[in-house]
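Asks: Chains A and B, in that order, are what the protein sequence lines are. Counting in the working numbering, the first sequence runs without a single skipped number right up to 212 at its last residue. Counting in the working numbering, the second sequence runs without a single skipped number right up to 212 at its last residue. Next up is a structure, given as structure tokens.
Number of protein chains: 2
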Amino acid sequence: MRNIAQDLQPAMALLATGPVQHFAPNRPIYVAGDAAEALHKVVSGMVRTVRFLHDGKRQIDAFYNSGDVFGFERGAFHTLSAEAVSRCTLVAYRHKGLAVAMHNQELTRQLYRHTLDGLARAQAHVRLLAHGGATAKLAGFLLECSERSADGRLITFGMARHDIADYLGLTVETVSRTLTELRKASFIEFVSAREVRLKNLPGLQVLNS
Amino acid sequence: MRNIAQDLQPAMALLATGPVQHFAPNRPIYVAGDAAEALHKVVSGMVRTVRFLHDGKRQIDAFYNSGDVFGFERGAFHTLSAEAVSRCTLVAYRHKGLAVAMHNQELTRQLYRHTLDGLARAQAHVRLLAHGGATAKLAGFLLECSERSADGRLITFGMARHDIADYLGLTVETVSRTLTELRKASFIEFVSAREVRLKNLPGLQVLNS
DNA sequence: CGTCTCTTTGACAGCATTCAACGTGTGTGG
DNA sequence: CCACACACGTTGAATGCTGTCAAAGAGACG
Numbered sequence: 004m005r006n007i008a009q010d011l012q013p014a015m016a017l018l019a020t021g022p023v024q025h026f027a028p029n030r031p032i033y034v035a036g037d038a039a040e041a042l043h044k045v046v047s048g049m050v051r052t053v054r055f056l057h058d059g060k061r062q063i064d065a066f067y068n069s070g071d072v073f074g075f076e077r078g079a080f081h082t083l084s085a086e087a088v089s090r091c092t093l094v095a096y097r098h099k100g101l102a103v104a105m106h107n108q109e110l111t112r113q114l115y116r117h118t119l120d121g122l123a124r125a126q127a128h129v130r131l132l133a134h135g136g137a138t139a140k141l142a143g144f145l146l147e148c149s150e151r152s153a154d155g156r157l158i159t160f161g162m163a164r165h166d167i168a169d170y171l172g173l174t175v176e177t178v179s180r181t182l183t184e185l186r187k188a189s190f191i192e193f194v195s196a197r198e199v200r201l202k203n204l205p206g207l208q209v210l211n212s
Numbered sequence: 004m005r006n007i008a009q010d011l012q013p014a015m016a017l018l019a020t021g022p023v024q025h026f027a028p029n030r031p032i033y034v035a036g037d038a039a040e041a042l043h044k045v046v047s048g049m050v051r052t053v054r055f056l057h058d059g060k061r062q063i064d065a066f067y068n069s070g071d072v073f074g075f076e077r078g079a080f081h082t083l084s085a086e087a088v089s090r091c092t093l094v095a096y097r098h099k100g101l102a103v104a105m106h107n108q109e110l111t112r113q114l115y116r117h118t119l120d121g122l123a124r125a126q127a128h129v130r131l132l133a134h135g136g137a138t139a140k141l142a143g144f145l146l147e148c149s150e151r152s153a154d155g156r157l158i159t160f161g162m163a164r165h166d167i168a169d170y171l172g173l174t175v176e177t178v179s180r181t182l183t184e185l186r187k188a189s190f191i192e193f194v195s196a197r198e199v200r201l202k203n204l205p206g207l208q209v210l211n212s
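Have a look at this one:
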């Protein structure tokens with residue numbers, strides 16, 4: 004059975020590249036309310052999309068790594084802010100150019116595929132958030148990181164504990180505590196505070212289920 | 004009684020449509036793992052997309068009302084199941100037809116827009132789930148229902164308490180308790196168990212923030 | 001070497017879940 | 001028309017987990 008998404012060729016360049024941008028850690032890329040003039044593709048480093056709540060709390064909608072495209076909006080303005088997590092470089096694809104590119108069927112399909120990626124990502128995030136316990140959430144988060152890592156068993160966090168907490172709807176303390184519990188139970192092993200070795204993938208999948 | 008063809012006019016009028024389908028409450032529309040052969044548009048009634056967890060628990064990914072399109076998948080198979088909440092009628096758009104339709108720029112644009120709608124919906128859901136308390140979640144849910152209701156102050160739930168609970172990552176008991184608290188605090192008023200009048204919209208927005 | 005941020009750990013209070021029981025409504029068959 | 005069954009909804013009490021407040025340890029960088 005063929006599906007439109009299957010026809011898309013991920014290997015091809017999305018578009019003729021726009022301006023290349025560099026950002027230092029924690030620098031804003033765009034802010035909620037800004038005009039949404041372009042999509043952004045991560046060339047290197049890591050990006051987070053963020054929502055700031057009225058009570059001062061922060062919520063992370065997604066993390067983006069090399070190859071990921073972000074900045075999709077339904078309307079003319081950004082509903083989220085985007086920030087550099089680590090030092091990173093991006094390429095911008097302006098919507099003006101995209102409108103023209105819609106004549107090109109291949110590019111249209113790639114754009115569609117990246118949107119579907121974002122949708123799948125958001126749905127996976129919902130699954131993570133709705134399914135109860137802190138242990139389950141962390142296990143799920145580790146597995147998510149694992150899938151995006153070169154070595155599936157060695158994860159290098161690009162982000163701080165605080166970022167993980169705001170992504171999972173937990174507090175920093177709970178994240179820290181739960182990670183140590185996972186370590187004590189031999190599910191994981193710390194190389195450093197930001198590097199984790201997964202010692203029991205099946206076990207983590209059970210915790211996550 | 005409206006003519007089905009009328010509902011199709013604004014979106015994808017030129018597409019070859021599959022048969023119109025009718026479903027009784029709680030009947031499956033498709034199941035996770037099925038081949039994703041078509042998108043579905045709700046003509047009338049309400050649909051939920053569902054994820055069944057290994058421990059027997061259930062999670063609702065989204066609710067869809069008249070005019071909404073669902074069934075977007077990144078791969079060739081459905082990752083979620085879809086079920087009728089109420090008695091409902093749908094129209095299917097097969098991917099075969101869509102692939103041909105990608106030549107038509109206007110249809111492509113509409114398809115893209117519906118995907119963005121799904122993305123925005125999922126992001127709003129993430130926001131709801133991550134932002135703490137049961138009261139905040141219910142307030143957010145009521146506001147979400149309000150925006151989709153003809154009369155913004157009178158909501159008619161199509162779904163059971165159990166569905167609301169699985170959508171918000173809560174238990175039925177907590178949903179029930181929290182709704183009565185909101186009633187006692189005069190934020191809402193029950194016409195019946197499935198009909199609520201919102202008496203304090205600004206107040207609910209504060210609770211939700 | 002000192003300062004700052006990040007991370008970890010502890011104690012306690014608060015809130016959601018769990019288990020249990022009781023109302024409520026709806027539809028079916030007698 | 002009534003009675004009953006069954007699914008849905010509400011309420012109560014106790015447990016357990018996460019948030020909060022507080023403080024100390026660990027790295028990074030000048």
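Note that CB positions come from ideal geometry on N, CA and C, so glycine has one too. Model, not experiment: these values are computed from the prediction.
(1) For a cutoff of 8 Å on Cβ pairs, would you count A/His81 as touching chain B?
(2) What does A/Arg54 touch in chain B if you count any residue whose Cβ is under 8 Å from its own?
(3) Count the other CB atoms, across all protein chains shown, that sit within 10 Å of the CB of A/Gly155; report buried if there are 16 or more and exposed otherwise.
(4) Note down, in chain order, every chain A residue with its Cβ under 8 Å from the Cβ of B/Phe75.
(5) List the residues of chain A whose Cβ lies closer than 8 Å to the Cβ of B/Met105, in chain order.
(6) Can you round the beta-carbon distance between B/Asp120 and A/Arg77 to whole angstroms, since I take them to be within the 8 Å contact cut?
(7) Return the chain-ordered list of same chain residues with a C-beta closer than 6 Å to the C-beta of B/Ala133, the five sequence neighbours on each side being excluded.
(8) Within this structure, are the beta carbons of B/Thr52 and B/Phe26 separated by less than 8 Å?
(9) Does the separation of the CB atoms of A/Asn203 and A/Phe193 fall below 8 Å?
(10) How many angstroms separate the CA atom of A/Thr181 from the CA atom of B/Ala104?
(11) Relative to chain B, which residues along the segment 44-68 of chain A have a C-beta separation below 8 Å, given in chain order?
(12) In angstroms with no decimal places, state the Cα-to-Cα distance between B/Leu56 and A/Ser212.
(13) Is B/Ser212 close to chain A, meaning its C-beta is less than 8 Å from at least one C-beta of that chain?
(14) Examine chain B for any beta-carbon lying closer than 8 Å to the beta-carbon of A/Val199, and answer yes or no.
(15) Do B/Met49 and B/Ser84 have their beta-carbon atoms positioned less than 8 Å apart in this structure?
(16) When Cβ atoms are compared, which residues of the segment 124-157 of chain A fall closer than 8 Å to chain B?
(17) Quick check on DSSP: helix, strand or coil for A/Leu173?
(18) Could you please give me the residues that DSSP links to A/Cys91 through a beta bridge?
(19) Helix, strand or coil for B/Asp58? Go by DSSP, reduced to three states.
(20) Considering only the beta carbon of each residue, do B/Leu210 and B/Leu171 sit closer than 8 Å?
(21) Closer than 8 Å, CB to CB, is A/Ala14 near chain B or not?
(22) Which residues in chain B have a C-beta closer than 9 Å to the C-beta of A/Tyr115? List them in chain order.
(23) Distance, Cα to Cα, A/Ile32 vs B/Ile158?
Replies: Quick answer:
(1) no
(2) Arg130
(3) exposed
(4) Leu119, Leu122
(5) Ile7, Gln108, Thr111, Arg112
(6) 6 Å
(7) Taken in chain order, the list of residues that qualify is empty.
(8) no
(9) no
(10) 50 Å
(11) Arg54, Leu56, His57, Asp58, Lys60, Gln62, Asp64
(12) 6 Å
(13) Chain A contact via Cβ: present.
(14) no
(15) no
(16) Those residues of the segment 124-157 of chain A that come within reach of chain B (Cβ to Cβ, closer than 8 Å) are Ala125, Gln126, His128, Val129, Arg130, Leu132, Ala133, His134, Gly135.
(17) coil
(18) A/Phe26
(19) Annotated three-state conformation of B/Asp58 is coil, per DSSP.
(20) no
(21) Confidence at A/Ala14 is low in this model, with a pLDDT of 35, below 50, so its placement is unreliable and no value can be given for it.
(22) Simply Met105, Thr111, Leu114, Tyr115, Thr118.
(23) 39 Å
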